[in-house]
Structures are given as structure tokens and as C-alpha cells.
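Residue numbers (the working numbering): 15 to 662.
Backbone N, C-alpha and C define an ideal beta-carbon position, used for all residues, glycine too.
The block underneath contains the structure these notes are about, expressed in C-alpha cells.
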Amino acid sequence: MIGTLLGNRYELLEKIGEGGMAEVYKAKCHLLNRYVAVKILKEEFSKDAQFVEKFKREATAAASLSDNNIVNIYDVGSQNDINYIVMEYVKGKTLKEVIRGKGSLDVDESVDIAMQIAKALQCAHRNNIVHRDIKPHNILVTEDGRVKVTDFGIAKATNSVTITNTSKVIGSAHYFSPEQAKGGFVDCRTDIYSLGIVMYEMVTGKVPYDADSPVSVALKHIQEPVVPPKTLRPNLPDNFNNVILKCIEKEPIRRYQDTKELIEDLNKVKNNEQVNSNSADFDEDRTRVMDAVNVNDLDDKDKFIDEEDFDEEEEGEEEEKKPLNNKKKKTIVMITAIVLVLVIGFATGYILFNKRNGLAQTVTVPDVIGKSKDEAKKLVEDKGLVFQVGGTEKSDKPEGTVISSFPNPGTSVKPKSEVRVIISAGSEKLTVPDLTEIDLNVAKDILNRYNLKLGDVKYVYDGNIPKNCIISQNPAKNSQIEANSKVDVVVSNGPEVKYSAVPTLNGKTLEEARNLLANSNLKLGTPRAVETSDKTLDGKIFEQSIEANAQVKEGTSVSVSYYIYKEQPPKQTGKEGGATSGTVQGDNSKVNNGNGSSTGSGTGSNTGSSTGSGTGSGTDNNKDKNTDKNKDKNTGDGSQSTDTPNNQ
Numbered sequence: 015m016i017g018t019l020l021g022n023r024y025e026l027l028e029k030i031g032e033g034g035m036a037e038v039y040k041a042k043c044h045l046l047n048r049y050v051a052v053k054i055l056k057e058e059f060s061k062d063a064q065f066v067e068k069f070k071r072e073a074t075a076a077a078s079l080s081d082n083n084i085v086n087i088y089d090v091g092s093q094n095d096i097n098y099i100v101m102e103y104v105k106g107k108t109l110k111e112v113i114r115g116k117g118s119l120d121v122d123e124s125v126d127i128a129m130q131i132a133k134a135l136q137c138a139h140r141n142n143i144v145h146r147d148i149k150p151h152n153i154l155v156t157e158d159g160r161v162k163v164t165d166f167g168i169a170k171a172t173n174s175v176t177i178t179n180t181s182k183v184i185g186s187a188h189y190f191s192p193e194q195a196k197g198g199f200v201d202c203r204t205d206i207y208s209l210g211i212v213m214y215e216m217v218t219g220k221v222p223y224d225a226d227s228p229v230s231v232a233l234k235h236i237q238e239p240v241v242p243p244k245t246l247r248p249n250l251p252d253n254f255n256n257v258i259l260k261c262i263e264k265e266p267i268r269r270y271q272d273t274k275e276l277i278e279d280l281n282k283v284k285n286n287e288q289v290n291s292n293s294a295d296f297d298e299d300r301t302r303v304m305d306a307v308n309v310n311d312l313d314d315k316d317k318f319i320d321e322e323d324f325d326e327e328e329e330g331e332e333e334e335k336k337p338l339n340n341k342k343k344k345t346i347v348m349i350t351a352i353v354l355v356l357v358i359g360f361a362t363g364y365i366l367f368n369k370r371n372g373l374a375q376t377v378t379v380p381d382v383i384g385k386s387k388d389e390a391k392k393l394v395e396d397k398g399l400v401f402q403v404g405g406t407e408k409s410d411k412p413e414g415t416v417i418s419s420f421p422n423p424g425t426s427v428k429p430k431s432e433v434r435v436i437i438s439a440g441s442e443k444l445t446v447p448d449l450t451e452i453d454l455n456v457a458k459d460i461l462n463r464y465n466l467k468l469g470d471v472k473y474v475y476d477g478n479i480p481k482n483c484i485i486s487q488n489p490a491k492n493s494q495i496e497a498n499s500k501v502d503v504v505v506s507n508g509p510e511v512k513y514s515a516v517p518t519l520n521g522k523t524l525e526e527a528r529n530l531l532a533n534s535n536l537k538l539g540t541p542r543a544v545e546t547s548d549k550t551l552d553g554k555i556f557e558q559s560i561e562a563n564a565q566v567k568e569g570t571s572v573s574v575s576y577y578i579y580k581e582q583p584p585k586q587t588g589k590e591g592g593a594t595s596g597t598v599q600g601d602n603s604k605v606n607n608g609n610g611s612s613t614g615s616g617t618g619s620n621t622g623s624s625t626g627s628g629t630g631s632g633t634d635n636n637k638d639k640n641t642d643k644n645k646d647k648n649t650g651d652g653s654q655s656t657d658t659p660n661n662q
């Protein structure tokens, strides 16, 4: 996996951890240029589509949590059957490593760490998220002593404060609660129990319940009384001892009911104030044997239990196995005998105690699954039991009906025992994300992450929204819809390109042309003026750059040429008013201007008129010569005018 690039941005650099469900890598985010932690689901879980779907949804819910004591979740994604979560990279050690390194922590440090964990849980619980796997391995301690709770990967977000488990027990055996061990309902008090176990380990250096297998540990959580931490650490303050014991009560009702109460008592410990214990209330409930647990229900085949805690102890014990073989056999026999005697004695005492107190009578929990709330309540109360709604949960069952109960239907319980049920809240509703002004391809990915689908896509022209971005959606943002529902979108095709026919501009004035073009959403280009001596053409367009009726884009400019009238200079006349007209033929024609020069025309014929006048001085020596020379060559009606010099 090292070197793999996920999501085209997260490069896996090194493996930094591994748990029951996932492996954790340090990675580099090339988009934001920072280090992150990437948790990748193990292959056996990635093949379970339902598990992956829940994993992504719950991780997305946890990403909404914002607290200084919670590891931030940045992204959730999939690539080639690799399902991953991108989280904040925290430089430090796990609390497990800290405890292992020190043996046990001093009271002040333990209280400070417990306080920070409790605050992280308080944030999660306010958002209806129960962690369900609080243990030292999931608690990071930075170099400056800040605590960060991580691994909300198996947490489950709900719409009520109570959630129910599935057929699998999820969590680490040394730290999970009795209700988790029995596959029952869990809520915020489950996290408080696990935190109590963590506090116990911080001050004593060991967990309160230990055994050779997860199942054995689970049974101890359910049945075995705890040894007070003060017994193992006599100098432990009474107030802190009381806080820990209250957290790890087997009955949720006897624990702290929320993290606010716990934080208040931890503050009292910090300030050396008294904390009341539950000892005054310790009656037969304190030590009584709880309802029997079917060990088969906790079989590893059916229950998922993180066994990483057991691996730690086994490593240290391996070396001692060989030299202790004989002693170990004797010890096992002795322990077995003692346990057998204790079990028989305890069972006998329990039966006698029940008979003496009239508690031998039991009733069977009725089957209320599928019943309405009122029907279920009547069935339960008719059996002499207490009906309690544990919460609601989204399901495909009809809204308002019972989808699960605890204890299970058919279980034998004492009269007046509590039967807790979960009521269906109907199919799961999801909040529709805001897709407006988002690129269509990005929107598809967002919908996929929200467990929604892209519906009908309609393209329209829009000059305000960039091309391929979403203009509107249906259902609207923040609407509540069922999972896998479709969201229809209207997508921008960019500004609309419209065409218009060019009007006929010839013969129009510039103002008329401008108005005609404007009516067709066209523009008048730069006009070109051409002079004319015809006053009737003044201001009239005689040429346009684009021919009439041509289809062009709206906004196109059309240039024109138009006439501008310019008065011609008057005709010139001679002093004597002489004028001749006619046709001149020949190869040369000249006009003498009386100043010693002559003009004429070459071979050809000219028809026209000429008028001239001139003055000069001196003698015209060429007059007769020119006249004589051309006389024979001029024929017809042609005429010639010669200015007579005015000699002074």
C-alpha cells in the first residue's frame, strides 16, 4: 500500500497502526500540502457492502463533530475496493502506550486526561453519536498533554439518545459495557462505563476484568463484582475512587446519566472536594447475580470482538510457558476446583436467597415485535412488567411499530422487570445537500456520499451560472428524503447564443440604420463617409458590410458607407467671355495661354467646351507659327481660342 495515491491527492507514506477493522497510514495530502492519517478498512470488511455503507455514513456523521479533544475527520472515500477515512494526523502516543510506559499515572494526570475524554464524549453525545469503543488505544496524547479521541468508525449516529446493537457485539472486550456484552441497547452511559474502565487502568496499571478469551472477559463484565481501584492503590483519593466505581456500575441507571454529571465530579476531585459514592445504595442489587447469559450468543463466530488487547499479554507469557508446565497443571486443577466450589456455593446461596425473599417466580417476556406502541405496552404490563421506550430508530418497518425489545421475547425475568423497546421512526431520511452552482461531476460524487442518486438532468442557457454548473435542484437543499432517492437538477449550458437577420440599410440614414439594427439586437459599426455632388443622396447609406437578411449572432456590429454632399466649385470663364465648343480631331491640339507656352491634345477626338482667360506680358513669337502648323490638321466644328497677350 505504501506509495498508493488515494483520491488523486493522498499519498500513503508509512503504516503507523492497525486495529481490528482497519489499518492506519501516515499520508501526504498534495492538494493542501499537509500530513494526514488515512484509515483503510480491512479486506474482509470491504467485501460487506452493507457494512461499508454504514461505515461511510457513520464516518460522515462523525465528521460533523468539532471539538478540541476529537480527531477531525477530513474526508471519506473509495478507490478500487479500498474504503478509507482521512483524519487529522496527531503527533504523539496512544494512552495505552503512556500507561504501559509509566505503569500507572498519578492522580492529577489521570483526572486531567479523564476530563478531556469526557468533554470529547459530551460533544459527541450532544450530536446523538455514541462512540461505543472507548479504550486507551483510541485515545491519543500529544507531546503537550492534549488528548484527542479517535476512531469513531464503529460509532452509530441516531435520531434519539438510545441506540440498539445488531447481532454483533462491537468493541474491545476489556473495555465494553455489560449491555454491549449482552448485545443489548447502548447509549451515552455505555461510553461512560468504558471511560470508567480506562480511568481504572490509568490509576492501577491494569484492567478490572481479565481472562484468557474475549468471551470470558465479557462474562466477567456481566457477572463479576469489581475490585475497587483503591484496593490496588491504597493512596488513591476516596473521591476519585468513588467516581470510577460509579462509572463502572453494571446497571446503566446507577452510573452517571450524562457526561455533564461526570465532568462536575471530576472537577470536585481536581479541587479536593468530596464526591458521594453509591455505597449508601448498595443493597442486594449491588451483588445480585444478573440474568443468565447464553454463552453461545457471545461466540466469536457470531460476535465481533477486537482481540488486540489479548495479544499484548500473550506476548509476555510465551516465554514462561515451558518452565512452568508442571506447576501450571497443578494450578489449573486447583483453580478449577475452587471455581467449581464457588459456583456451586454461589448458586445454592442465590436460590435460597430468592426463595427466602419470594423472588423465585418468573414471567416470560411477551413478543411485541411488529406491534404498535400502545399494543406493546398493554402486552408487557399485562405480564406484570414495566414498559419502557428506549428510543426510536430508522427502519423499513412501519413507523410507530416495535422493531426490537430487550430482554428478547421468550426470556424469563422477574416480575416488575423493565422491558425496553425501540420504536420504528420509518424509513431512513437523509438531508439533501446544496448542489447549486456546483459542477455536475462534483455533484454526482456528493450525492453518492450522501447515499443519494442523480435523477433527471435538464440543460438550459444561463448567462449568470457557469457552464455545466447546477442552477437548481429538486428536492431543494435541506429537504428530508429516503436513502437512494433521486435528486433532479437543472444544469447551465452557458449563455444562450441567439441569431438575428441583418436588416436592409441601403438608402437609410445613419439614425434609421442604428434603430433598425437595435431592433434586431445588432450594433452599428464605424460609418465611412463618401463625398457626393448629388444633394439628394446626402446622408444616405449605399453600402453595408454584411448583406441584408444574413443570420448573425446578436450583438454583431454592421459597418456602413454613406454619402455626404459637397458643393462643387463654379465653372471658370475668360475676361472676354469667349467660349468655343466643338470636336477636335487630329494628332495634336494645343491652346496658347499667351505667355509663351501652349497646350494641346494628341491623336484622337475630343468633344467638349473650353473657356479660358489669361494675361501676360511680352511678345508671342509662336502665335502665327502654331496657328499655321495646326491649321491644316483641324477640321469640322472644332474651334480654338487664343488669348491675345496684353502688352504693356
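Could you tell me which residues DSSP pairs with N488 in its beta bridges? D502
How would you write the range of the beta strand (DSSP E) that I417 sits in, first residue to last? 416 to 420
Taking just the CA atoms, how far does A132 sit from L209? 8 Å
Is F401 helix, strand or coil when you go by DSSP? strand
Three-state class that DSSP yields for I30 in the structure shown: strand
Return the bridge partner residues of Y576 from the DSSP annotation. A543, I555
Go ahead and label I143 buried or exposed: buried means 16 or more other beta carbons lie within 10 angstroms of its beta carbon, across all protein chains shown. buried
Outcome for I494 when other beta-carbon atoms lying within 10 angstroms are tallied against a minimum of 16: Here residue 494 is Gln; the residue named in the question, Ile, does not match the sequence. So Q494 counts as exposed.
For the ligand ZN, is there any heavy atom lying closer than 7 Å to the beta carbon of V435? In terms of ligand content, the structure shown is empty, and the ligand ZN therefore cannot be addressed.
At which residues does the alpha helix (DSSP H) containing T115 begin and terminate? Checking the sequence shown, residue 115 turns out to be Gly, not Thr. Here the alpha helix (DSSP H) through G115 covers 109 to 116.
Go to A36, then tell me how far its beta strand (DSSP E) extends in each direction, as first and last residue. 36 to 43
Inspect the CB distances between the region 234 to 249 and the region 258 to 276 and report whether three or more fall short of 8 Å. yes
Residue range of the beta strand (DSSP E) that includes K472: 467 to 474
Quick one: grab the DSSP three-state call for E526. helix
Is the beta carbon of E58 sitting closer than 8 Å to the one on A41? no
Leaving out five residues before and five after E561 in sequence, what residues of the same chain have Cβ atoms less than 8 Å from its Cβ? V516
How many Å lie between S426 and I436 at the Cα? 20 Å
Is it right to say D601 is buried, meaning 16 or more other beta carbons lie within 10 angstroms of its own, or is it exposed? Confidence in D601 is poor, its pLDDT being 42 and thus under 50, which makes the residue's placement unreliable; the coordinate value appears in the next sentence. Classification for D601: exposed.
I want to know whether the region 467 to 475 touches the region 418 to 433 - three or more CB-CB distances under 8 Å. no
In angstroms with no decimal places, state the Cα-to-Cα distance between L536 and Y475. 20 Å
Per DSSP, the bridge partner or partners of N101: The displayed chain sequence assigns Met, not Asn, to residue 101. A51, I87, per the DSSP bridge assignment.
What is the rounded straight-line gap between the Cα of D205 and the Cα of R146? 6 Å
Residue range of the beta strand (DSSP E) that I187 falls in? In the sequence as presented, Ile is not what sits at residue 187; that position holds Ala. That residue, A187, is in no beta strand (DSSP E); it is neither H nor E in DSSP.
If you drop the 5 nearest sequence neighbours on each side, which residues of the same chain put their C-beta closer than 8 Å to that of N22? none
Which of the three DSSP states is assigned to T378 in this structure? strand
Inspect the CB distances between the region 86 to 94 and the region 239 to 250 and report whether three or more fall short of 8 Å. no
Since S514 is in the beta strand (DSSP E), which residue starts that stretch and which ends it? 513 to 515
DSSP-derived helix/strand/coil call for I211: helix
Could you name the residues of the same chain whose beta carbon sits closer than 6 Å to that of I277, not counting the 5 residues immediately before and after it, in chain order? A132
Measuring alpha carbon to alpha carbon, tell me which of R160, T546, K567, F190 ends up nearest I211. F190
Can you give me the C-alpha to C-alpha distance between N82 and E157, rounded to a whole angstrom? 15 Å
Which of the three DSSP states, helix, strand or coil, is assigned to R434? strand
Drop a sphere of 10 angstroms on the beta-carbon of T164, count the other beta-carbons inside from all chains shown, and report buried for 16 or more, exposed for fewer. buried
Check whether the Cβ atoms of N94 and S60 lie closer than 8 Å to each other. no
Strand pairing of I96, partner residues [DSSP]: Q93
Is the Cβ-Cβ distance between P423 and V379 less than 8 Å? yes
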